[in-house]
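S.K.:
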Amino acid sequence: IFVQDATRDRSVFPPGFAAAFSKRTIGVGTKIDHPQADGERAKSFLKRLGLNGPVVLVSAFTGEGIEEVRKILNWD
């Protein structure tokens, strides 16, 4: 799981980084409830990593997206 804070204006991971892993890789954009969050930017950063799984935007505060991540990870 690669995590991107939706309030940040850059990624800590280089483009294509996730492609180095042979396991399933997913992206999670966090803090989407924050007034300064940019979910589309977070998604864009995560997609540039070369993920082979989905990207989900979540909020720990509101719970948005958490159930989707649980389903993806089979944590139900």
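To convert, count from 1 in the sequence shown and add 1264; that's our numbering. Ideal Cβ positions, reconstructed from N, Cα and C, are used throughout, including at glycine. None of these values were measured; they are calculated from a predicted model.
So, does the stretch 1325 to 1338 touch the stretch 1305 to 1315, judging by three or more C-beta pairs under 8 Å?
M.R.: Flag = no, the stretch 1325 to 1338 and the stretch 1305 to 1315 do not touch.
S.K.: On the three-state DSSP scale, how would you describe glycine 1293?
M.R.: Reduced to three states, the DSSP call for glycine 1293 is strand.
S.K.: Go ahead and label glutamine 1268 buried or exposed: buried means 16 or more other beta carbons lie within 10 angstroms of its beta carbon, across all protein chains shown.
M.R.: Buried is the call here.
S.K.: Quick one: measure Cβ to Cβ for valine 1292 and valine 1320, integer angstroms, because I've assumed they're closer than 8 Å.
M.R.: Contact flag correct, Cβ pair sits at about 6 Å.
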